[in-house]
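Protein chains in written order, with the numbering used here: chain A, 1097 to 1309; chain B, 1097 to 1309.
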């Protein structure tokens, strides 16, 4: 059965983005450091068409995260292009002509837009009828493979609160951001987690949870 | 050199106590579940004069936490007896006549009170001249041994913000409390952590950090 899963890097104090997010700093000032552990990895660099990089205890975690993903869900803020209607029709995301997804990506938005076919198998579909409809379309596109929620925090929260997530892996980075966007809030009263796996790796702790329905 | 250290259990969403703390529920409603992993352990039960219990990957963590502690710092709220002056002079903490500390315990309070000598080597000293004075007295009492901050969150925060803590071990429990007392906030702008160790154990992830000065 196809799973709905999410993997996200979080500071020790619970933030997945730092304050003052902007087009120049999509993860806020200092927020990029949340991803230092992953961008250094050979496994991540390979998936982004780059060479070199480290191999360490995070490698199997990232390989597992990337494998068997047939479709991706993403919030409008993560896709970018500013809030509101798509005035800038030229905006095609942060990732250039050949985004690193290589599968259909369903962007949750209140503002309709035609699908955007990129190179390398990535097509952005803009879904305006809510998280359940988006998940249904993503599952259909994914077939037997899993659906992954790329972010941001608000979208992950909405799927968690709706009881739709199967697996959540939190990559806890030894940073104290002191503010920004928190991951685990607005989750309702009855969310239950079960610890599946904990892995120590350089500069990060991988905490994998199953979400109990 | 004697270290200042703290070990505390925290929910996945960052809380060390849940909402609605009361004399009946000192950790709030549902907050006691934060300690399920530790009270089941033989190592913890032994230190509290009880028999039986489990031995698992948390055992060496708890043994390390308990060893080499020569004095303890504690907030007034954790000691209990209500806020304000010591109207109830009979209040001697939550732990009975023979508290499980067996070393001098320095309670941070705004309200003076005579030292309280209990059985088994625990004496509560009430310190009214601030966290640095309390630490100085605790270090003196501890000699070559370490000083441990027992809690609550506010006291740990104050010592972290003042740059006085050497080691922080956060025991992350797969609970979502949704509210209560957060551990890692009000820490100032320049707190830096370095990940020392991550240990997977049944129902808990032990994340040990060195605080970089």
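Each residue gets a CB set at the ideal place from its N, CA and C atoms; glycine is no exception. All values reported here derive from a predicted model rather than from experimental measurement.
Original post:
residue 1254 of chain B: buried (16+ other C-beta within 10 angstroms of its C-beta) or exposed?
Top reply: To locate residue 1254 of chain B, count along the second chain from 1; it is residue 158. With 16 or more Cβ atoms within 10 Å of its Cβ, residue 1254 of chain B is classed as buried.
Subject >> Interface flag, residue 1291 of chain A vs chain B, CB-CB below 9 Å >> reply: Within the first chain, residue 1291 of chain A is the residue found at index 195, counting from 1. Taking Cβ atoms only, chain B reaches closer than 9 Å to residue 1291 of chain A, which makes this a yes.
Original post:
List, in order along the chain, the chain A residues whose C-beta lies closer than 8 Å to that of residue 1272 of chain B?
Top reply: The sequence position of residue 1272 of chain B within the second chain is 176, counting from 1. 1280, 1283, 1287, 1288 and 1289, listed in chain order.
Original post:
Which residues, taken in chain order from the region 1238 to 1270 of chain B, show a beta carbon closer than 7 Å to some beta carbon of chain A?
Top reply: The region 1238 to 1270 of chain B vs chain A, Cβ under 7 Å: 1268 and 1270.
**OP:** For residue 1296 of chain A, decide whether its Cβ has a neighbour in chain B, counting only Cβ atoms nearer than 9 Å.
**Re:** Indexing the first chain from 1 puts residue 1296 of chain A at position 200. Chain B contact via Cβ: present.
**OP:** Could you tell me whether any Cβ in chain A is nearer than 9 Å to the Cβ of residue 1301 of chain B?
**Re:** The residue you call residue 1301 of chain B lines up with position 205 of the second chain. Proximity of residue 1301 of chain B to chain A, defined by a Cβ-Cβ separation below 9 Å, is satisfied.
Original post:
Between residue 1108 of chain A and chain B, is there a C-beta pair that is closer than 9 Å?
Top reply: Counting from 1 along the first chain, the entry for residue 1108 of chain A is found at position 12. Flagged as an interface residue toward chain B: residue 1108 of chain A, by a C-beta distance shorter than 9 Å.
Subject >> Check whether residue 1340 of chain A and residue 1279 of chain A have beta carbons under 9 Å apart >> reply: The structure shown has nothing for residue 1340 of chain A, since chain A only spans 1097 to 1309.
**OP:** Give the DSSP bridge partners of residue 1305 of chain B, in chain order.
**Re:** Residue 1305 of chain B sits at position 209 when you count from the first residue of the second chain. Answer is B:1264 and B:1291, bridged to residue 1305 of chain B.
Subject >> For residue 1251 of chain A, the first and last residue of its enclosing beta strand (DSSP E) >> reply: Stepping through the first chain from its first residue, residue 1251 of chain A is reached at position 155. No beta strand (DSSP E) holds residue 1251 of chain A; the alpha helix (DSSP H) holding it covers 1249 to 1257.
Original post:
If you draw a straight line from the alpha carbon of residue 1217 of chain A to that of residue 1269 of chain A, how long is it in whole angstroms?
Top reply: On the first chain, position 121 is the one that residue 1217 of chain A refers to. On the first chain, position 173 is the one that residue 1269 of chain A refers to. The straight-line gap separating the alpha-carbon atoms of residue 1217 of chain A and residue 1269 of chain A is approximately 31 Å.
Original post:
Tell me the DSSP bridge mates of residue 1165 of chain A?
Top reply: Position 69 of the first chain, counting from 1, holds the residue named residue 1165 of chain A. A:1242.
Original post:
So what does DSSP say about residue 1174 of chain A, is it helix, strand or coil?
Top reply: Your numbering for residue 1174 of chain A matches position 78 in the first chain. Residue state, collapsed to three classes: helix.
Subject >> Nearest-angstrom beta carbon gap, residue 1241 of chain B and residue 1165 of chain B [assumed within contact, 8 Å] >> reply: Here residue 1165 of chain B refers to the residue found at position 69 when the second chain is read from its first residue. Here residue 1241 of chain B refers to the residue found at position 145 when the second chain is read from its first residue. The pair is a contact, with the Cβ atoms about 6 Å apart (cut-off 8 Å).
**OP:** Express the C-alpha separation of residue 1170 of chain A and residue 1203 of chain B in angstroms, rounding to a whole number.
**Re:** Residue mapping note: residue 1203 of chain B aligns to position 107 of the second chain, counting from 1. Residue mapping note: residue 1170 of chain A aligns to position 74 of the first chain, counting from 1. C-alpha of residue 1203 of chain B to C-alpha of residue 1170 of chain A: approximately 49 Å in a straight line.
**OP:** Determine the direct distance from the alpha carbon of residue 1225 of chain B to that of residue 1119 of chain B, and round the result to whole angstroms.
**Re:** Here residue 1119 of chain B refers to the residue found at position 23 when the second chain is read from its first residue. Here residue 1225 of chain B refers to the residue found at position 129 when the second chain is read from its first residue. So the two alpha carbons sit approximately 26 Å from each other.
Original post:
Using DSSP with H/G/I as helix, E/B as strand and the rest coil, what is residue 1336 of chain B?
Top reply: Look at the range of chain B in this structure, 1097 to 1309, and you will see that residue 1336 of chain B is not part of it.
Subject >> Endpoints, the beta strand (DSSP E) within which residue 1201 of chain B is located >> reply: In the second chain, the residue the question calls residue 1201 of chain B occupies position 105. Note, residue 1201 of chain B: beta strand (DSSP E), 1200 to 1204.
**OP:** Would you identify the three-state DSSP class for residue 1281 of chain B, choosing helix, strand or coil?
**Re:** Here residue 1281 of chain B refers to the residue found at position 185 when the second chain is read from its first residue. Shown here, residue 1281 of chain B sits in coil according to DSSP, grouped into three states, outside any helix or strand.
**OP:** Look up residue 1151 of chain B in the DSSP assignment and say whether it is helix, strand or coil.
**Re:** By one-based count along the second chain, residue 1151 of chain B stands at place 55. It is coil, neither helix nor strand.
Original post:
Contact between the region 1232 to 1246 of chain A and the region 1289 to 1296 of chain A: three or more CB pairs below 8 Å?
Top reply: Verdict: no, contact absent.
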